[in-house]
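Just so you know, the protein sequences line up as chains A and B, in that order. Oh and the first sequence: position 48 is 53 in the numbering used here, straight run, nothing missing. Oh and the second sequence: position 95 is 91 in the numbering used here, straight run, nothing missing.
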Amino acid sequence: GESVGLHLPTLSVQEGDNSIINCAYSNSASDYFIWYKQESGKGPQFIIDIRSNMDKRQGQRVTVLLNKTVKHLSLQIAATQPGDSAVYFCAETLNQAGTALIFGKGTTLSVSS
Amino acid sequence: ETGVTQSPTHLIKTRGQQVTLRCSSQSGHNTVSWYQQALGQGPQFIFQYYREEENGRGNFPPRFSGLQFPNYSSELNVNALELDDSALYLCASSLVDRGNTGELFFGEGSRLTVL
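Structure follows, in structure tokens:
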């Protein structure tokens, strides 16, 4: 079946380090990918997205890389801050109305100062 | 703040009971999706409503049903509650334009506990 998985359930970094969170997806037909951040007791918060016709997209302190050849997605966070501590989910979908987002299980990022 | 509000924030029910969860979508959005998030897991798609009709459904039984109202707010109803229905239920709104779905904005969720 279709699934989106993350390579590591937890990641611990020091404040100021760069963080890389990885995700593997299995549906080669997926054409839209999103990273979400979920803090304790809150709903998922959009971080950055990327469409399948791109291989890199940058935001403020975050970069998403897409490798369609190996069906791999990564989120890079520069100069990680304690406020970045949360669970990070990648999600994949077909960019069509009515289509579900398929979420992975998440990676818990812990940032120590 | 996403502008998506859900109620109630927490509730406790017993097996066999029914529950209704409510969601007000962000202003300007015409589509509402519901997700179930079990503890330690990623959200799972239940269904989506567009123009007051179900417009996509995940692998959930018929006892999970929903409504969308003319003002685009929505309800999720779950009948005959089971222990495994205990989860965080998330509502997300988006703007569907010309068949393409836009960014999803999630609410804070309704935490349901079934005893």
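All C-beta atoms, glycine included, are put in the ideal place defined by N, C-alpha and C.
Original post:
Expressed to the nearest angstrom, what Euclidean distance is found between the alpha-carbon atoms of Leu99/A and Phe108/A?
Top reply: Taking the first residue of the first sequence as 1, we reach residue 99/A at position 94. Taking the first residue of the first sequence as 1, we reach residue 108/A at position 103. Looking at the two C-alpha atoms, the distance is approximately 13 angstroms.
Original post:
How many angstroms separate the CA atom of Asp89/A from the CA atom of Pro66/B?
Top reply: Taking the first residue of the first sequence as position 1, residue 89/A is located at position 84. Taking the first residue of the second sequence as position 1, residue 66/B is located at position 70. The alpha-carbon atoms of Asp89/A and Pro66/B are separated by roughly 38 angstroms.
Original post:
By the 10 Å Cβ neighbour count, where 16 or more other Cβ atoms means buried, how is Gln2/B classified, buried or exposed?
Top reply: Looking up residue 2/B in the second sequence gives position 6. It counts as buried.
Original post:
In chain order, what residues of the stretch 51 to 68 of chain B put their CB closer than 7 angstroms to some CB of chain A?
Top reply: Asn51, Gly52, Gly54
Subject >> When Thr113/A, Tyr93/A, Lys76/A, Glu44/A are compared against Tyr30/A, the one with the closest alpha-carbon >> reply: Locating residue 30/A in the first sequence gives position 25, counting from the first residue. Out of Thr113/A, Tyr93/A, Lys76/A, Glu44/A, Lys76/A has the C-alpha closest to the C-alpha of Tyr30/A.
**OP:** Compare the Cα-Cα distances from Glu99/B to each of Ser89/B, Gly105/B, Leu108/B and report the closest residue.
**Re:** Within the second sequence, numbered from 1, the residue matching residue 99/B stands at position 103. Out of Ser89/B, Gly105/B, Leu108/B, Ser89/B has the C-alpha closest to the C-alpha of Glu99/B.
**OP:** Answer yes if the stretch 47 to 62 of chain A comes into contact with the stretch 7 to 27 of chain B, meaning at least three C-beta pairs across the two stretches below 8 angstroms, and no otherwise.
**Re:** no
**OP:** Tell me whether Gly6/A is buried or exposed, calling it buried when 16 or more other Cβ atoms sit within 10 Å of its Cβ.
**Re:** Taking the first residue of the first sequence as 1, we reach residue 6/A at position 1. Low per-residue confidence applies at Gly6/A: pLDDT is 31, beneath 50, and the placement is therefore not dependable, though the value from the model is reported in the following sentence. Its Cβ having fewer than 16 others within 10 Å, Gly6/A is exposed.
Original post:
What did DSSP end up calling Leu13/A once you bin it into helix, strand or coil?
Top reply: As a working mapping, residue 13/A is identified with position 8 in the first sequence. Looking at Leu13/A - three-state DSSP - the assignment turns out to be coil, as it is neither helix nor strand.
Subject >> Asp93/B in three-state terms, based on DSSP >> reply: For the purposes of this step, residue 93/B is taken as the residue at position 97 of the second sequence. Asp93/B falls in the strand class under three-state DSSP.
**OP:** Buried or exposed for Ala76/B, please, with buried defined as at least 16 other CB atoms from any protein chain shown within 10 angstroms of its CB.
**Re:** Translated into the one-based positions of the second sequence, residue 76/B becomes position 80. Exposed.
Subject >> Beta-carbon proximity of Val74/B to Asn26/B, cut-off 8 angstroms >> reply: Position 78 of the second sequence, counted from the start, is the residue given in the question as residue 74/B. Position 30 of the second sequence, counted from the start, is the residue given in the question as residue 26/B. Not a contact, by the Cβ cut-off of 8 angstroms.
Original post:
Taking only runs of the beta strand (DSSP E) that begin and end inside the stretch 18 to 63 of chain A, which ones reach a length of at least 3 residues, in chain order?
Top reply: Runs of the beta strand (DSSP E) spanning 3 or more residues and lying entirely within the stretch 18 to 63 of chain A occur at 24 to 30, 37 to 43, 50 to 56, 61 to 63, in chain order.
**OP:** For Gln37/B, go through chain A and note every residue whose CB falls closer than 7 angstroms to its CB, in chain order.
**Re:** Taking the first residue of the second sequence as 1, we reach residue 37/B at position 41. Chain-ordered, the chain A residues with CB closer than 7 angstroms to the CB of Gln37/B read Lys110.
Subject >> Start-end ranges of the beta strand (DSSP E) lying completely within the stretch 7 to 65 of chain B, minimum 3 residues >> reply: Within the stretch 7 to 65 of chain B, the complete beta strand (DSSP E) runs of at least 3 residues are 15 to 20, 27 to 33, 40 to 46, 49 to 53, 60 to 64.
Original post:
So with Cβ pairs under 8 angstroms, would you call Gly21/A a contact of chain B?
Top reply: Walking along the first sequence from the start, residue 21/A turns up at place 16. No, Gly21/A does not count as interfacial toward chain B.
**OP:** Name the residue from Leu84/B, Arg18/B, Glu104/B whose alpha carbon lies nearest to the alpha carbon of Gln164/B.
**Re:** The structure shown does not extend to residue 164/B, since chain B is modelled only from -3 through 111, so no value can be given for it.
Original post:
Out of curiosity, what's the CA-to-CA distance linking Ser115/A and Thr15/A?
Top reply: For the purposes of this step, residue 115/A is taken as the residue at position 110 of the first sequence. For the purposes of this step, residue 15/A is taken as the residue at position 10 of the first sequence. Approximately 8 angstroms, taken between the alpha carbons.
Original post:
So, is the C-beta of Gly103/B closer than 8 angstroms to a C-beta in chain A?
Top reply: Position 107 of the second sequence, counted from the first residue, corresponds to residue 103/B. Yes, Gly103/B lies at the interface with chain A (some Cβ there is under 8 angstroms from its Cβ).
Original post:
Among all the DSSP beta bridges, which residues are the ones paired with Leu72/B?
Top reply: By 1-based counting over the second sequence, the position of residue 72/B is 76. Answer is Leu17/B, Gly62/B.
Subject >> Residues that Leu72/B contacts on chain A, provided the C-beta gap is smaller than 8 angstroms >> reply: The residue given as residue 72/B occupies position 76 in the second sequence. Within 8 angstroms Cβ-Cβ: nothing; Leu72/B doesn't reach chain A, min ~14 angstroms.
**OP:** Pull up the distance between the alpha-carbon of Arg56/A and that of Lys47/A, whole angstroms please.
**Re:** Looking up residue 56/A in the first sequence gives position 51. Looking up residue 47/A in the first sequence gives position 42. Approximately 26 angstroms between the Cα atoms of the pair.
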